[in-house]
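So the protein lines, in turn, are chains A and B. The first sequence begins at 4 in the numbering used here and counts up by one. The second sequence begins at 4 in the numbering used here and counts up by one. Where a beta carbon is used, it is the ideal one built from N, C-alpha and C, also for glycine. One structure is given below, encoded as structure tokens.
Number of protein chains: 2
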Amino acid sequence: MKTLIVHAHPEPQSLSSSLKNVAVSTLTKAGHEVQVSDLYAMRWKSGVDAEDFGAAATHPLDVVHDSGRAYETGTLTADIAAEQAKLLWADTVIFQFPLWWYAMPAILKGWVDRVFTYGFAYGVGEHNATKYGERFGEGTLAGKRAMLSVTIGGRESHYTDRGINGPIDDLLFPIHHGILYHPGMDVLPPFVMYGTTRVSPEDFADAAKLWEQRLLTLEETDPIPFRQQNGGDYELPSLRLREGLEARGSKGFGLHVRG
Amino acid sequence: MKTLIVHAHPEPQSLSSSLKNVAVSTLTKAGHEVQVSDLYAMRWKSGVDAEDFGAAATHPLDVVHDSGRAYETGTLTADIAAEQAKLLWADTVIFQFPLWWYAMPAILKGWVDRVFTYGFAYGVGEHNATKYGERFGEGTLAGKRAMLSVTIGGRESHYTDRGINGPIDDLLFPIHHGILYHPGMDVLPPFVMYGTTRVSPEDFADAAKLWEQRLLTLEETDPIPFRQQNGGDYELPSLRLREGLEARGSKGFGLHVRG
Numbered sequence: 004m005k006t007l008i009v010h011a012h013p014e015p016q017s018l019s020s021s022l023k024n025v026a027v028s029t030l031t032k033a034g035h036e037v038q039v040s041d042l043y044a045m046r047w048k049s050g051v052d053a054e055d056f057g058a059a060a061t062h063p064l065d066v067v068h069d070s071g072r073a074y075e076t077g078t079l080t081a082d083i084a085a086e087q088a089k090l091l092w093a094d095t096v097i098f099q100f101p102l103w104w105y106a107m108p109a110i111l112k113g114w115v116d117r118v119f120t121y122g123f124a125y126g127v128g129e130h131n132a133t134k135y136g137e138r139f140g141e142g143t144l145a146g147k148r149a150m151l152s153v154t155i156g157g158r159e160s161h162y163t164d165r166g167i168n169g170p171i172d173d174l175l176f177p178i179h180h181g182i183l184y185h186p187g188m189d190v191l192p193p194f195v196m197y198g199t200t201r202v203s204p205e206d207f208a209d210a211a212k213l214w215e216q217r218l219l220t221l222e223e224t225d226p227i228p229f230r231q232q233n234g235g236d237y238e239l240p241s242l243r244l245r246e247g248l249e250a251r252g253s254k255g256f257g258l259h260v261r262g
Numbered sequence: 004m005k006t007l008i009v010h011a012h013p014e015p016q017s018l019s020s021s022l023k024n025v026a027v028s029t030l031t032k033a034g035h036e037v038q039v040s041d042l043y044a045m046r047w048k049s050g051v052d053a054e055d056f057g058a059a060a061t062h063p064l065d066v067v068h069d070s071g072r073a074y075e076t077g078t079l080t081a082d083i084a085a086e087q088a089k090l091l092w093a094d095t096v097i098f099q100f101p102l103w104w105y106a107m108p109a110i111l112k113g114w115v116d117r118v119f120t121y122g123f124a125y126g127v128g129e130h131n132a133t134k135y136g137e138r139f140g141e142g143t144l145a146g147k148r149a150m151l152s153v154t155i156g157g158r159e160s161h162y163t164d165r166g167i168n169g170p171i172d173d174l175l176f177p178i179h180h181g182i183l184y185h186p187g188m189d190v191l192p193p194f195v196m197y198g199t200t201r202v203s204p205e206d207f208a209d210a211a212k213l214w215e216q217r218l219l220t221l222e223e224t225d226p227i228p229f230r231q232q233n234g235g236d237y238e239l240p241s242l243r244l245r246e247g248l249e250a251r252g253s254k255g256f257g258l259h260v261r262g
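See the structure below:
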């Protein structure tokens with residue numbers, strides 16, 4: 004395996020950083036190649052702006068199409084181009100981050116916003132009355148696997164079917180489906196650690212064992228069975244799920260997972 | 004009204020920026036006080052790190068508790084303290100941003116991550132076996148209103164009940180409920196503009212009119228009826244919604260809105 008780990012925590016001794024270190028050592032020992040994008044250590048720039056696109060930036064700035072032209076013509080900044088190259092190199096991408104305000108830390112969102120340019124991660128394939136691009140199961144990153152490893156301060160029950168924060172699968176859906184499956188990656192079930200504001204050495208050892216098991220069984224793990232956009236399940240041009248395809252009782256984001 | 008507008012787009016001539024300008028002029032003409040946090044213009048720093056907390060930063064860094072101590076002891080950086088002061092000044096907060104990858108732009112997430120410190124936006128009130136803080140309807144920002152104004156490149160049908168991206172209400176739930184209702188704000192239904200990659204001057208004029216109407220009726224608009232955490236609807240300590248309270252057929256995030 005060739006694994007890219009994208010990591011987002013400011014403290015090298017944090018739980019997130021420790022889990023990242025476990026991933027590096029576990030995968031390396033098992034003979035896999037690993038690259039790490041440690042976003043805080045890299046002082047990753049978070050905000051998309053005209054400077055990202057070099058000579059392809061127009062006035063006024065058109066974020067979507069300027070990013071596409073910059074990608075096509077090779078004028079993206081070196082930091083963005085390097086991350087795109089790592090994604091193309093990898094067959095597996097792991098994201099290690101704390102859930103802050105029910106979403107990614109800003110620095111990781113900034114990695115997505117800047118690296119996932121038009122022509123690379125979206126705007127791929129024909130867009131017309133009978134086709135709305137190659138995405139959700141197709142695209143530049145098709146055939147690669149992605150997995151989130153998330154640390155959460157709150158309690159697990161708060162993130163269950165009836166928990167006050169909403170189900171963790173729904174909170175992660177915009178990342179799993181909207182960011183990772185969108186450019187074609189198969190998304191494995193996440194590794195989630197709860198109650199992380201108080202973790203004893205024993206707790207960490209237990210979590211590290213579970214995490215190692217997930218890492219060592221990555222290649223045999225079935226992805227979340229999201230529905231391909233162009234697999235016949237959606238009406239065109241509305242891209243609404245055809246009636247009757249959903250699993251019994253499913254609603255909302257759950258519709259887009261095969262029963 | 005005292006309105007704070009938090010705005011996140013790099014191009015002053017963009018649709019997002021134009022809608023922000025409409026909000027400023029509409030509210031000012033109607034006699035309201037307005038402050039704007041134009042995050043790109045302010046070169047807002049997105050990444051939480053030790054520098055945010057001054058003398059309260061520990062080694063190793065403890066993001067949660069160091070942010071709380073920095074808030075308590077007044078050692079947060081001036082940019083964070085200024086945004087907290089604006090939030091305390093405002094009775095209404097509007098967020099204007101493009102939906103990038105089904106979420107806020109990184110720079111706006113960075114505003115949340117850095118400004119919403121422990122003791123200010125979370126970690127408020129007692130946390131014990133019978134109470135898990137004052138949040139979701141209570142907290143520092145209780146009594147204030149919040150509203151999102153979001154521009155979306157894709158088509159509206161893609162964001163409906165059966166649309167491939169998931170329902171817009173579910174995509175915005177982590178912001179509405181998790182970020183805005185969490186520290187106590189009442190959240191008004193969002194203003195959403197779709198298909199924004201191609202907007203004619205006529206389209207913009209129509210949208211601006213609708214937006215003006217929303218702005219001028221802000222004070223009479225009913226908020227989304229989220230359930231208060233401490234209003235009796237949730238079991239303790241699990242914080243799971245009690246059985247039978249949900250509206251017929253609701254699931255997932257929808258459980259947490261009163262029928």
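Worksheet item: Got a sec? Which residues, its chain only, sit under 8 Å from A:I83 by beta carbon, not counting five neighbours each side?
Response: Taking A:I83 as the centre and dropping the five residues before and after it, the same chain places the C-beta of D55, R117, V118 and T120 closer than 8 Å to its C-beta, in chain order.
Worksheet item: On the three-state DSSP scale, how would you describe B:Q231?
Response: DSSP places B:Q231 in coil when its eight states are reduced to three.
Worksheet item: Who does A:A149 pair with in a DSSP beta bridge?
Response: The partner list for A:A149 (beta bridge, DSSP) reads A:V96 and A:V190.
Worksheet item: Does A:H161 come within less than 7 Å of chain B when only Cβ atoms are used?
Response: At least one chain B Cβ lies under 7 Å of A:H161.
Worksheet item: Under 7 Å between C-beta atoms, does B:S20 make it to chain D?
Response: Among the chains of the structure shown, chain D does not appear; the protein chains present are A and B.
Worksheet item: Listing by chain order, which chain A residues have their CB less than 9 Å from the CB of B:P226?
Response: The CB of B:P226 never comes closer than 9 Å to any CB in chain A; the least such distance is about 18 Å.
Worksheet item: Based on Cα-Cα distance, which residue from B:L221, B:R201, B:H10 and B:M188 lies nearest to B:L91?
Response: The residue with the shortest Cα to Cα distance from B:L91 is B:M188.
Discussion item. Can you give me the C-alpha to C-alpha distance between B:V66 and A:N131, rounded to a whole angstrom?
Written reply: Roughly 47 Å between the two C-alpha positions.
Worksheet item: In chain order, what residues of the same chain have a beta carbon less than 8 Å from the beta carbon of A:T200, not counting five sequence neighbours either side?
Response: If we look at A:T200 and ignore the five residues flanking it on each side, its Cβ neighbours are G156.
Discussion item. Here's the rule I'm using: 16 or more other beta-carbon atoms within 10 Å means buried, otherwise exposed. How should A:Q232 be labelled?
Written reply: The residue in question, A:Q232, is buried, as its Cβ has 16 or more Cβ neighbours within 10 Å.
Worksheet item: Grouping DSSP H, G and I as helix and E and B as strand, with all else coil, what is A:H130?
Response: Judged by DSSP in its simplified three-state form, A:H130 adopts strand.
Worksheet entry | Sequence ranges, beta strand (DSSP E) only - wholly within the region 149–218 of chain B, length at least 3 | Here the runs fully enclosed are 194–196.
Discussion item. Just to confirm before moving on: does the CB-CB distance between B:P101 and B:S152 stay below 7 Å?
Written reply: No, Cβ-Cβ distance for B:P101 and B:S152 is not below 7 Å.
Worksheet item: CA-CA distance, A:G166 and A:P192?
Response: Straight through space, the alpha carbons of A:P192 and A:G166 are spaced by roughly 20 Å.
Worksheet entry | Chain-ordered neighbours of A:R165 on chain B, where CB pairs are closer than 7 Å | Result: R243, L244 and L258.
Worksheet item: Closest Cβ-Cβ distance between A:G122 and chain B: below 7 Å?
Response: Taking Cβ atoms only, chain B never reaches closer than 7 Å to A:G122, which makes this a no.
Discussion item. Three Cβ pairs or more, each shorter than 8 Å: is that satisfied between the region 60–77 of chain A and the region 8–18 of chain B?
Written reply: With a cut-off of 8 Å, the region 8–18 of chain B and the region 60–77 of chain A count as touching, because enough Cβ pairs lie within range.
Item to complete: Would you kindly work out how many angstroms separate the C-alpha atoms of A:G50 and B:K134, rounded to a whole number?
Response: A straight line joining the alpha-carbon of A:G50 with that of B:K134 spans about 38 Å.
Worksheet item: A:Q16 versus chain B: which residues are under 7 Å apart at the beta carbon?
Response: In chain order: P63.
Worksheet item: So, is the C-beta of B:G142 closer than 7 Å to a C-beta in chain A?
Response: Closer than 7 Å: no.
Worksheet item: For the beta strand (DSSP E) that contains A:S40, what are its first and last residues?
Response: Note, A:S40: beta strand (DSSP E), E36 to D41.
Worksheet item: What residues of chain A sit near B:Y184, judged by a beta carbon separation below 8 Å?
Response: In chain order: nothing, as chain A lies at least about 11 Å away.
Worksheet item: Of all the options A:D236, A:F176, A:G146 and A:P170, which has the alpha carbon lying nearest to the alpha carbon of A:M4?
Response: Taking only the C-alpha atoms, the option nearest A:M4 is A:G146.
Discussion item. Which residues of the region 66–89 of chain B have a Cβ closer than 8 Å to any Cβ of chain A? Give them in chain order.
Written reply: Going along the region 66–89 of chain B in chain order, one finds V66 and V67 with a Cβ nearer than 8 Å to chain A.
Discussion item. So if DSSP puts B:Y105 in a beta bridge, which residue, or which two residues, is it bridged to?
Written reply: BP columns for B:Y105 are empty, so no partner.
Item to complete: Could you list the residues in the region 22–52 of chain B with a C-beta less than 7 Å from some C-beta on chain A, going in chain order?
Response: Interface annotation for the region 22–52 of chain B against chain A: Y43, S49, G50, V51 and D52, criterion Cβ-Cβ distance under 7 Å.
Worksheet entry | Presumed contact (8 Å Cβ cut-off) between B:D52 and A:Y43, rounded CB distance | Approximately 7 Å separates the beta-carbon atoms of B:D52 and A:Y43; this is inside 8 Å, confirming the contact.
Discussion item. Taking the straight line between their C-alpha atoms, what separation do you get for A:K3 and A:T6?
Written reply: Lying outside 4 to 262, the shown extent of chain A, residue 3 of chain A is not represented and no answer is given.
Fill in: Sheet register partners of B:L244 (DSSP bridge)
DSSP output for B:L244 lists B:Y237 as bridge partner(s).
Worksheet entry | Local Cβ density within 10 Å of A:E222, reported as buried at 16 or more and exposed below that | Exposed is the call here.
Worksheet entry | Other residues of its chain near A:E249: CB distance less than 8 Å, five sequence neighbours each side excluded | Excluding sequence neighbours, A:E249 sits near G257, L258 and G262.
Worksheet item: With a CB to CB cut of under 8 Å and the five nearest residues on each side skipped, what residues in its chain are close to A:G57?
Response: A73, T78, L79 and T80, listed in sequence order.
Fill in: Interface flag, B:A60 vs chain A, CB-CB below 7 Å
Residue contact with chain A for B:A60: absent (no Cβ-Cβ distance below 7 Å to any residue of chain A).
Item to complete: Kindly indicate which three-state DSSP category A:V51 falls into: helix, strand or coil?
Response: When secondary structure is reduced to three states using DSSP, A:V51 falls in the coil class, being assigned neither helix nor strand.
Item to complete: With DSSP collapsed to three states, give me the class of B:H10.
Response: Strand.
Item to complete: Return the chain-ordered list of same chain residues with a C-beta closer than 6 Å to the C-beta of B:G142, the five sequence neighbours on each side being excluded.
Response: In chain order, V127, P186 and G187 place their CB closer than 6 Å to the CB of B:G142, counting only its own chain and leaving out the 5 sequence neighbours on each side.
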